[in-house]
Structures are given as C-alpha cells and as structure tokens.
C-alpha cells in the first residue's frame, strides 16, 4: 500500500508540473497588430532604370577627370606645331620614365675659326640682360629654343636636359631660367635644378640662394618637399643649389644623384639641370650620363668653335655620356647674325 501511494504521488507531481508548463505556454503575448497589409515579394528599390542612369553619369564624370589629369601631367603637347627637317610622326609622345634610345652621338666635323654654323646648334640667342627674381619676361629666341629642345627630347624619348658651358659667363643661368619659364608658360610641368654649387648664379637670380637644395638632397640631409620650391615669376618648380661648401666629389660619388633625377623625372614633364662649367670640375660630365640632351651654352666671340668642338668631343667620348644627345646654344649674337644663321638653317 505504501509503495502504491508513493507511485501515485509521483504521478500526481509529474501531472502538476506538466499542467503548469501548459499554462505558461498558453499565455497570450503582449503584442498589438498595427497593420494587416501584405508584404510584397518584389522590392521597391533599387530600380534598374535609375541605377543604370546613375552608373552611367558616374562613369562619365570619372572619364572626364581621368582625361584631364592625363592631359595636364603626362601629355607633352605644345601650343604650336613642331616643324623641322626631322619632324616626328604624329601621335608620338615622350614616354615618362622610359629608357632612352641608346645611340652614339654624331661626330663633330672639323671647324674653321669663325664657323659656328657647322656646330650642332640648337638656337642662336641675342645678348640676354641681367635678370632679377621678379622678371617674368621671355627673351627673343626662347620660343625657337623651346621648340627645338622639345623636338630633340621627343626623338630621344626622354625629358632630362643638362645646361652647361665651357668656362662660365655665357649667360647659361639666364638661358636655363628663360627656358624653364617658357616651358611653364606652355602649360608644361617643369623643374629647374641648380646643380652648380661653385657658382650658384641661378639661385641668386631666382631669389633662392641660401635655401636648402640639390646638394643637400643628394647627400640625404633633406626631403623632396623641402628641396622643391615654386619660382616666383612662373609656375615652374625650382631646386636651389643648396650647400655650396660641399665637395663636388661627394656628389659625383653618391649613387643618390641618379635616384634624385629619376624621381624628378617621374613627377615632371621636363627636368632642366644647370650644371657647373665643363672645365671647372667633372660634375657636368658625370651629370651628362643621367640626361637625354646636353645643351652647351657658348658665347659668340668669347668661346671659339674649336674649343666648343673639343668639349663636345670630350663629352661624347666619355663612357657615361654615350646615350645623351649633344648640342650647342650660341648666346650674345647680333640680330644680323641670328637672321643669317636662321635663314641658312631654314634653307
């Protein structure tokens, strides 16, 4: 009897527990129906038509922006047609950062004592006045020099130009400044580098003397943002000479010089480098191995054709300058001489 009673009590306990669980599950949830509308299986957004129009509009805007950036930064197209005996095929452009076409420079023919015309002359320039940092004018002959330099670099598929002289005093600094400002006036992104640490006349004329620049950049003391400044008279970039007390041998022995010029090449349309006179130290011969065109600035009457020819032969025979195109810029010539030389070149 006791066992039956305990069994019955266990059954009753389980029954009460089951009944209690049923009562909890049966309680009505505290909710309220706010809408009896049916949910559609077709989403109202996004619709195909408006989305396609939006994507087309965004693609158009991106295409216009890309074309503008490429046109301003990479396309080298002057505002006038390039004409000459060796006119290039249409559509060719200087490849940014591309390797130059290696070829041996043409031999310089023997010269007469007054025969400048037999030299590979880029341009004949009149006497250039003393420049100041606030003078933005472009002297006569600069447009012709700009066209010729542009055409030579286009043929070489390069953008780096070295501007030097025999012994200095041939207005090479003024020529470099004028050429850089002329390029900037034609919407080209150009940087003018003063690598002449023995005579920083270019930095003096542009008002950047005493500022950190090329020598400090090559020696690793400053960054590019500290070295590159804006020309006060144009949109051209400037890299001053920097520390003029440094030994030129430190620059020529450093492998950072090529790295610096390569970086400037990638961020600009043209890189103009004004270097020390050829016969003062070996910096010009060393820099000639890193450029595509060497423009030797010579004074009419002060630098003889024999001296110019000998310098070109020495520079062309250097093992480091075989890839550079060698040419001459004659400054200080009279109007009659310039007119006669330009007429003979056109003929």
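Numbering (the working numbering), first residue to last: 1277 to 1623. C-beta: ideal position from N, C-alpha, C; glycine also.
What do you get for residue i, buried or exposed, if any count of 16 or more other CB atoms within 10 angstroms of its CB means buried?
i, result
"residue 1491", "buried"
"residue 1271", "No answer is possible for residue 1271: it lies beyond the span of the chain, which begins at 1277 and ends at 1623."
"residue 1344", "exposed"
"residue 1455", "buried"
"residue 1435", "buried"
"residue 1548", "buried"
"residue 1516", "buried"
"residue 1355", "Its pLDDT being 41, under 50, residue 1355 is placed unreliably by the model, and the measurement read from it follows with that caveat. It is exposed - the Cβ of residue 1355 has fewer than 16 other Cβ atoms within 10 Å."
"residue 1477", "buried"
"residue 1284", "exposed"
"residue 1507", "buried"
"residue 1399", "buried"
Taking the alpha carbon of residue i as the point to measure from, which residue in the options has its own alpha carbon closest?
i, options, result
"residue 1397", "1338, 1581, 1343 and 1591", "1581"
"residue 1488", "1518, 1419, 1579 and 1501", "1518"
"residue 1464", "1292, 1526 and 1546", "1546"
"residue 1587", "1568, 1441, 1578 and 1496", "1441"
"residue 1474", "1324, 1507 and 1525", "1525"
"residue 1555", "1600, 1293, 1579 and 1498", "1579"
"residue 1528", "1557, 1294 and 1280", "1557"
"residue 1429", "1277, 1285 and 1567", "1567"
"residue 1439", "1277, 1499 and 1553", "1553"
"residue 1544", "1520, 1551, 1512 and 1501", "1512"
"residue 1444", "1419, 1550 and 1423", "1550"
Thinking residue i and residue j are a contact (beta carbons under 8 Å), I'd like their distance in whole angstroms, please.
i, j, result
"residue 1446", "residue 1563", "Residue 1446 to residue 1563, Cβ: 17 Å. No contact."
"residue 1505", "residue 1514", "5 Å"
"residue 1569", "residue 1437", "5 Å"
"residue 1432", "residue 1510", "Contact doesn't hold; Cβ gap of about 25 Å is too wide."
"residue 1533", "residue 1561", "That pair is no contact at about 13 Å."
"residue 1395", "residue 1522", "Contact flag wrong, Cβ pair sits at about 34 Å."
In whole angstroms, give me the CA-to-CA distance for residue i and residue j.
i, j, result
"residue 1459", "residue 1466", "7 Å"
"residue 1409", "residue 1485", "Residue placement at residue 1409 is flagged as unreliable, the pLDDT there being 48, under the threshold of 50; a coordinate-derived value is accordingly withheld."
"residue 1328", "residue 1335", "11 Å"
"residue 1448", "residue 1330", "56 Å"
"residue 1231", "residue 1497", "This structure gives no information on residue 1231, because the portion of the chain shown stretches from 1277 to 1623."
"residue 1426", "residue 1451", "15 Å"
"residue 1535", "residue 1542", "11 Å"
"residue 1483", "residue 1325", "60 Å"
"residue 1468", "residue 1401", "20 Å"
"residue 1282", "residue 1289", "10 Å"
"residue 1462", "residue 1323", "48 Å"
"residue 1539", "residue 1340", "27 Å"
"residue 1600", "residue 1589", "13 Å"
"residue 1294", "residue 1287", "11 Å"
"residue 1371", "residue 1537", "A caution first: residue 1371 carries a pLDDT of 40, below 50, which makes its placement in the model too unreliable to give a value."
"residue 1481", "residue 1453", "9 Å"
State whether the stretch 1568 to 1584 contacts the stretch 1599 to 1608, with contact taken as three or more CB pairs (one from each stretch) at a distance under 8 Å.
yes
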